[in-house]
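Take the sequence shown: its letter number 56 is residue 56 in full-length UniProt numbering, and every next letter is one higher.
Here the structure is laid out as structure tokens; the discussion comes afterwards.
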Amino acid sequence: MIGIHRDPKQELLRTLPLFEACSSDELKDVAAIADELSLKPGRKLTTEGAQGQEFVVLASGSADVYKHGEKVAELGPGDFVGEIALLTGRPRSATVVVTSDALVLVIARHRFLELVDRLPGVRSRLEAVLPLRQAS
């Protein structure tokens, strides 16, 4: 009997709204460049004012977003951070701190920029939220 092997990271990506329009081959490409990390509460995902070096997708768990030291939002599974700094070249616009045990997918800056060039569905989802996030 032939068993079908499913990559757990690809299956995880498939459940995230940002990647839901991706083909199996595209998910395979994303899985190959995304590092999976388990984080504890208190870990910073981004620091306001710092240069952005990575894009982070919260696969499970929760995080809080702070601007100028004030909490402005709560994040949950499927939310992502880091795209503004990577797409605009500006410093990080907020500090994001993990508030529960979390699983995150991290994509390095150069790989993220290659990814959005190759995957128009991902690019369009990012471009849709960019103006909203820059305004807040």
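We put the CB at the ideal spot given by N, CA and C, even for glycine.
In the DSSP annotation of this structure, the continuous segment of the alpha helix (DSSP H) that includes A85 starts and ends at 83-88. Each of G42, E26, A31 was checked against the Cα of V97, and the nearest Cα belongs to G42.
DSSP places D7 outside both helix and strand once states are collapsed to three, so it counts as coil. Residue pairing by DSSP places A102 opposite L39 in a beta bridge.
If you look at F55, you'll find it in the beta strand (DSSP E) that goes 54-60.
By the C-beta criterion, the region 46-60 is judged to be in contact with the region 98-109, since at least 3 inter-stretch pairs fall below 8 angstroms. Closest by C-alpha distance to R111, out of G52, R125, R92, is G52.
Using a 10 angstroms sphere on the CB of V30, the tally of other CB atoms reaches 16 or more, which defines it as buried.
The Cβ neighbour count for R92, taken over all protein chains shown within 10 Å, is at least 16; the residue is labelled buried. Residue environment: T88 is assigned as exposed (fewer than 16 neighbouring CB atoms within 10 Å of its CB, all protein chains considered).
A straight line joining the alpha-carbon of E26 with that of V65 spans about 30 angstroms. According to DSSP, residue pairing for D64 in a beta bridge involves E74, V97. At a Cβ-Cβ threshold of 8 angstroms, V122 and L115 count as neighbours. The C-alpha of I84 is placed about 10 angstroms away from the C-alpha of E127.
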